[in-house]
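Shown next, in C-alpha cells, is the structure this report addresses.
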Amino acid sequence: MIVLALSILSSTMIFVVFKLFSRFKINTMHAIVFNYVTACFCGIIFQKNAVDIAAIPNYSWFPFALGLGVLFITVFNLMAITTQRSGLSVVSVATKMSVVIPILFGLLYYKENLGVFKIVGIILALIAVYLASIKTNDGLKIKPSNFIFPILVFLGSGIIDTTLKYLEGEFIAKNDIPIFSATIYGMAAIIGFFILIFQASKGDFQFQFKNLLGGIALGIPNYFSVYFLVQALRSGIFDSSGVFTVNNVAIVMISTVLGILLFKEKLLFKNWIGIGLAILGIVLIAFEKW
1 MIVLALSILS STMIFVVFKL FSRFKINTMH AIVFNYVTAC FCGIIFQKNA VDIAAIPNYS
61 WFPFALGLGV LFITVFNLMA ITTQRSGLSV VSVATKMSVV IPILFGLLYY KENLGVFKIV
121 GIILALIAVY LASIKTNDGL KIKPSNFIFP ILVFLGSGII DTTLKYLEGE FIAKNDIPIF
181 SATIYGMAAI IGFFILIFQA SKGDFQFQFK NLLGGIALGI PNYFSVYFLV QALRSGIFDS
241 SGVFTVNNVA IVMISTVLGI LLFKEKLLFK NWIGIGLAIL GIVLIAFEKW
C-alpha cells in the first residue's frame with residue numbers, strides 16, 4: 001500500500017509542477033527534455049548493482065524500453081497538441097480513461113478475478129474521472145477535425161501502462177527497475193535533444209536556466225511515478241486492474257483537491273460528485289480484495 005501511495009503522490013506532484021510551469025512562464029518542451037535527462041540520472045543513481053552501460057542492450061527488456069521511450073515523448077507531444085486544440089480537460093479525460101486498456105489486459109491476459117464490487121468500483125471510478133476532470137458546464141467540446149488527437153493520447157497512455165505491466169511480470173528483475181526506467185527516459189531524452197537541435201537550426205531555441213530547473217523539478221517525481229508504479233504492480237496489494245484503477249482515480253482526486261488548495265481553482269458541483277464517486281470506487285475495489 002505504501003508504494004502505491006508513493007506512486008500516486010509522485011504522479012500528483014507532476015501535476016503540481018506542470019501547473020507551476022505556466023506561472024513561471026517555463027517553456028514546457030524544453031523542460032520536458034531536461035526532465036527526461038533528470039529521470040534517467042535518477043535511475044542510474046538508484047540502481048543498486050553496478051551499472052555497465054555497454055551491457056544494457058543485452059537485457060531482454062531493452063527493445064521494449066526503447067519503444068516506451070519513443071512512446072513517452074510522442075504521447076507528450078500529442079497531449080500538447082490536444083491541449084492547444086481542445087483544452088486541458090480533454091487531455092485529462094483521455095489520459096486517465098486510458099486505464100481501461102491495462103484493466104482489460106489484466107482481465108484477459110492474466111485472468112484476474114472480476115467480482116461484483118470490483119466491477120461497480122471500476123465503473124464508478126471511470127465516471128469519477130470524467131466528472132472530476134471537466135471544469136466547465138458545457139462538458140467536452142471537440143471539433144471533428146481534432147478528434148484523432150485525444151484518441152491517440154488515449155491509446156498511447158493505455159499502451160504505456162499495459163506494456164509496463166507486461167514487462168514487470170515477464171522481464172524485469174526486482175533490482176533492475178531503476179536501470180530499466182533510466183533506459184526509457186534516456187531514449188526519450190535523446191529524441192528530445194534531436195527536437196531541440198532541429199529547433200535551434202531554425203533559430204527557435206533559446207536556452208533559459210529556469211527551463212532547466214523546471215525540468216529537474218519535473219524529472220524527479222516523473223522517475224518515481226514509474227518506479228513506484230512498477231513496485232505497486234508486484235506488491236500484491238491489488239491485482240493489476242485494481243492497481244491501475246486506484247492509481248489513476250486517486251491522482252485525479254488528489255490533483256483536483258490540490259487545485260483548490262494551491263491554485264484557488266473553483267469546482268463545479270459535478271466535480272465534487274466525481275471526487276465522491278472516486279472515493280467510493282476505491283473503497284469498493286479495496287473491499288473486493290480484502
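To convert, note that position 37 of the sequence shown is 37 in UniProt numbering; the numbers rise steadily by one, no gaps.
All C-beta atoms, glycine included, are put in the ideal place defined by N, C-alpha and C.
As the structure is a computational prediction, the values presented were derived from the model and not from experiment.
- Taking a C-beta distance under 8 Å as the contact criterion, threonine 12 and alanine 132 do not qualify as a contact pair.
- Around the CB of alanine 182, 16 or more other CB atoms lie within 10 Å, so the residue is classed as buried.
- CA-CA distance, isoleucine 134 to alanine 94, rounds to 11 Å.
- Listed in chain order, the non-local C-beta contacts of asparagine 146 below 7 Å within the same chain comprise Arg85, Ser86, local neighbours out to five positions each way being set aside.
- The residues Glu265, in chain order, have a CB closer than 6 Å to that of glycine 259 in the same chain once the five nearest residues on each side in sequence are set aside.
- Inclusion of leucine 66 and serine 241 in the CB contact set at 8 Å is not warranted, their separation being larger than that value.
- The straight-line gap separating the alpha-carbon atoms of leucine 167 and asparagine 247 is approximately 18 Å.
- Between lysine 96 and tyrosine 227, the alpha-carbon positions lie close to 19 Å from each other.
- The DSSP-derived three-state label of glycine 259 is helix.
- Collapsing the DSSP output to three states places tryptophan 61 in coil.
- Excluding five sequence positions before and after leucine 114, the CB atoms of its chain that fall closer than 7 Å to its own CB belong to Leu107, given in chain order.
- Taking 8 Å as the upper bound for CB-CB distance, glycine 281 and alanine 128 are in contact here, some 6 Å apart.
- Linking leucine 218 to phenylalanine 263 through their CA atoms gives a straight-line distance of about 18 Å.
- Counting every other CB atom within 10 Å of its CB across the protein chains shown gives methionine 1 a total below 16, marking it as exposed.
- At the C-beta level, valine 17 and glycine 192 stay beyond 8 Å of one another.
- Of the residues assessed, alanine 55 falls on the exposed side of the cut-off, its CB having fewer than 16 other CB atoms within 10 angstroms.
- In this structure isoleucine 123 is exposed. Its beta-carbon is surrounded by fewer than 16 other beta-carbon atoms within 10 angstroms.
- Taking all protein chains in view, the Cβ of threonine 163 is crowded by 16 or more other Cβ atoms within 10 Å, so the residue is classified as buried.
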